[in-house]
Amino acid sequence: MTPAPLPLALLLTAGLSQAVSPAKPSADLIYLGGDIVTVNDAAPTVEALAVKGGRILALGGKEAIMKLKGEQTLIIDLAGKTLIPGFIDAHGHVFNSGIQALSANLLAPPDGGVTNITTLQQALKAWGSDAENRQHGIILGFGYDDSQLQEGRHPTRQELDQVSTTLPVIIIHQSGHLATLNTKALVLAGIDATSNDPVGGKIRREQDGRTPSGVLEETAFFATLLPLFTKLSPQENRVIFKAGMALYARYGYTTAQEGRASSTAVKTMYQLAEQEKLPIDVAAYPDIQIASDVITAPYYSSRYTNGFRVAGAKLNLDGSPQGKTAWLTQPYLIPPAGQAAGYKGYPSMSDEQAEEYIEKAQRNGWQLLTHVNGDAAIDQLIKGVEASERRHGKRDRAFVAIHAQTARKDQVVSFKRLGIFPSFFPMHTFYWGDWHTDSVLGKPRADNISPTGWARELGMIFTSHHDAPVAFPNAMRVYSATVNRVSRTGRAIGPDQRVSSLEGLKAQTLWAAIQYKEESNKGSLEVGKLADMVVLSANPLKVSPQALADIAIEATIKEGRTVYQNGPVASSRIACIDSPRCSQVATTAMMASGMLQHAH
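Letter by letter, the sequence shown follows residues -19 to -1, 1 to 581 in mature numbering (1 follows the signal peptide of the UniProt record, and there is no 0).
Okay, here's the thing in structure tokens:
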């Protein structure tokens, strides 16, 4: 369980102006020697911070905090580094990120080396040649992006046949909404020229209009992949989950999300948490269409069990803008292959079905995260929430619009009116800003993707996310994209939608805690809150905004325990000084490092 708050009588005020009584408890840990950014407007920075029992005991001036030092207190010298609250994943898929961590890396620079179909084939062959990978009987790759390939298109099944004709080859698009299969994988999936497109998905065809090209969109892809993962053993699922958590911890996250969980994934995560405390907190949102059976006790709870809880439900209403499957009210600038001019994407379900699921979440009191990328899908969400409100009244639903990338200003106004919390995806400005401008949306729609500026103009708070494994769960890349909105080629994407460095930080800490309704425990460094923290190589509020993405994660600390350390404990990084227990810090760091290496 989450550590219980210390009795108020034992907590010091943030200022610590009074003398510390001998009756006060000694701290387990004291951090000093660097900038400490609290993300608390009442006391934005402090000199030192003390931790007791996994929670923040006190923070304030160094002299006052050092009065809490006892014989067993660890004194952590930040050595000029910066301590901030732990990053909170507003939307991602920590379980699926484990699959990303364990599959062939098909990402383009700066996250990978795939730039054309030849390098993609090479990466798949190299992965498949590993003895441990061969035993799975499948060649699996993640992260290819047709917009970043020199050929400017998806690979064909024949090009994947050049990797293997005897093993199924499946490569997942970086959006997570499409995949390409080789001929063997199509045969095993039962997809051929006679197969019909499923509702909410498409089987792309060759020039004859019948033969599958290998590219599957949305539900056509999901239906193929789901049976593959249901065949995994419990042990394989645990390895995937641990790999995902390790990857998140590496990027500074102390709270992660599995934003579209299956029943199997929920049971795997819960069972692991029953056996051992998870290194970071994980909140799961099962798919309301296929996994509502686990939105119940013991999984569903407002409290964490050893770091895990089901926090609500997930609904998916459309697809991906970069994959050109998101549902728009106005046509795509350049339609995808096989589609005529005027193509606007398509919905995942009818209005009536969407309203049914929204009402179900409202009726059960579940927090509902709804995937809506296109503005037509956002209209569908707004309509469904309005219908639910007419039946149940205006409640504190804590519903979240996930991505909301092409939200119009009138829709952001509706978010405020209806109490829908926007969780935007500004990383698109970096990864796909050029693609959105030149191929997907054109100006001005591309400039207004993930309209954080409109939200602030209306006095709203928002969160920023990475949607891993769509991108690595790189908190600093999310931060930089939210503040700078600059593409890979240096093009400014909607500078009017930029926000300040402090607002960008709050969008991944305090405001994210508010999205989860966990702000009493997380999101800022305040007395009584969990000691969930990150050590950065520089102060993000002092460097140039253009330098945010270059700040390194030096350490991730969950409830006072180091779960990730960037290299060995040394004076050049984070030093433990003046305590006989210093060796324990080094041991913890080495264990965290070993866990990450094993997971990868």
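We treat Cβ as the ideally placed atom computed from N, Cα and C, and that holds for glycine.
Taking just the CA atoms, how far does ILE57 sit from ASP142?
-> Whole-angstrom Cα-Cα distance: 55 Å.
Are three or more beta carbon pairs between the segment 271 to 278 and the segment 303 to 314 nearer than 8 Å?
-> With the cut-off at 8 Å, the segment 271 to 278 and the segment 303 to 314 do not touch.
Kindly list the residues whose CB is nearer than 6 Å to the CB of ALA342, restricted to its own chain and excluding five residues on each side of it in sequence; keep chain order.
-> ALA294, LEU349
Is it a yes or a no for the segment 349 to 362 touching the segment 284 to 304, going by three-plus beta-carbon pairs under 8 Å?
-> yes
Have a look at LEU40 and SER482 and give me their C-alpha separation to the nearest angstrom.
-> Linking LEU40 to SER482 through their CA atoms gives a straight-line distance of about 23 Å.
In terms of alpha-carbon separation, which member of GLU52, ALA530, ASN86 lies closest to GLY109?
-> ASN86
Taking ASP268 as the reference, give the member of VAL247, GLN103, PRO136 with the closest Cα.
-> For the options VAL247, GLN103, PRO136, the alpha carbon positioned closest to that of ASP268 is the one of VAL247.
Please confirm whether PRO193 and ALA230 have their CB atoms less than 9 Å apart.
-> no
Integer Cβ distance of ILE65 from VAL20, believed to fall under 8 Å = 7 Å
Close beta carbons around ASP477, own chain, < 6 Å, minus the five adjacent residues each side = Counting only Cβ-Cβ distances below 6 Å, and skipping sequence neighbours, we find GLY434.
Segment limits, beta strand (DSSP E) that includes GLU239 | First-last of the beta strand (DSSP E) with GLU239: 234 to 242.
For the candidate residues VAL220, ASN502, THR387, TYR460, whose alpha-carbon lies nearest to that of GLY423?
-> THR387
If you follow the beta strand (DSSP E) that GLY293 is part of, which residue opens it and which one closes it?
-> 293 to 297
Nonlocal neighbours in the same chain, by C-beta distance under 8 Å from GLU500, ignoring five residues either side | LEU491, ALA494
Would you decide whether MET571 is buried or exposed? Buried here means 16 or more other CB atoms lie within 10 Å of its CB.
-> Below a pLDDT of 50, predicted positions are generally treated as unreliable, and MET571, at 28, falls in that range; no measurement from the model is reported.
Could you check what DSSP says for THR286 in three-state terms: helix, strand or coil?
-> strand
Could you check what DSSP says for LYS375 in three-state terms: helix, strand or coil?
-> coil
Spatial neighbours of ALA201 within its chain, please: CB distance less than 7 Å, with the 5 preceding and 5 following residues excluded, ordered by chain position.
-> Around ALA201, the same chain offers ASP178, PRO179, GLY182, LYS183, ILE184 as residues with beta carbons nearer than 7 Å, after the five sequence neighbours per side are excluded.
Does the separation of the CB atoms of LEU529 and VAL480 fall below 9 Å?
-> no
Is the segment 392 to 412 touching the segment 443 to 456 in the sense that three or more CB pairs, one from each, lie closer than 8 Å?
-> yes
Closest by CA to ILE37, which one among ASP22, LEU522, LEU511, SER525?
-> LEU511
Where does PHE429 sit, in a helix, a strand or coil, going by DSSP?
-> It should be pointed out that residue 429 corresponds to Asn in this sequence rather than to Phe. Correct three-state label for ASN429: helix.
Determine the closest residue to ALA368 out of ALA357, VAL394, ILE339, ASN345, with distance taken between C-alpha atoms.
-> ILE339
Please look up how many angstroms separate the CB atoms of HIS446 and ALA71, rounded, as I've assumed it's under 8 Å.
-> That belief holds up - the Cβ atoms of HIS446 and ALA71 are roughly 4 Å apart, short of 8 Å.
Starting from GLU113, follow the alpha helix (DSSP H) in both directions and report where the run begins and ends.
-> Looking at the DSSP string, the run of the alpha helix (DSSP H) that includes GLU113 is 112 to 115.
Identify, in the order they occur along the chain, each residue of the same chain with its Cβ nearer than 6 Å to the Cβ of ALA174, setting aside the five sequence neighbours on each side.
-> The answer, listed in chain order, is ARG191, THR192.
With 16 other Cβ atoms within 10 Å as the buried cut-off, status of residue 583 | Since the first residue of the chain shown is -19 and the last is 581, residue 583 is not available in this structure.
Under a three-way DSSP split, which group does ASP559 fall into?
-> A caution first: ASP559 carries a pLDDT of 37, below 50, which makes its placement in the model too unreliable to give a value.
Between the C-alpha atoms of residue 582 and GLU535, what's the straight-line distance to the nearest angstrom?
-> Since the displayed the chain opens at -19 and closes at 581, residue 582 lies outside it and no answer follows.
Do you know how far the Cα of PHE222 is from the Cα of VAL459?
-> 22 Å
Which same chain residues, not among the five before or five after ASP356, have their C-beta less than 7 Å away from its C-beta?
-> So the list reads LEU309, THR310, THR387, ALA388, ARG389, GLN392, once near-sequence residues are dropped.
Report buried or exposed for ILE151, applying the criterion of at least 16 other Cβ atoms within 10 angstroms of its Cβ.
-> Its Cβ being crowded by 16 or more others within 10 Å, ILE151 is buried.
Identify whether ARG466 lies in helix, strand or coil by the three-state DSSP scheme.
-> coil
Should PRO90 go down as buried or exposed, given a rule of 16 or more other Cβ atoms within 10 Å for buried?
-> exposed
From which residue to which residue does the beta strand (DSSP E) around GLN405 run?
-> Here residue 405 turns out to be Phe, not Gln, going by the sequence shown. 402 to 405 is the extent of the beta strand (DSSP E) around PHE405.
Is DSSP giving VAL168 helix, strand or coil here?
-> helix
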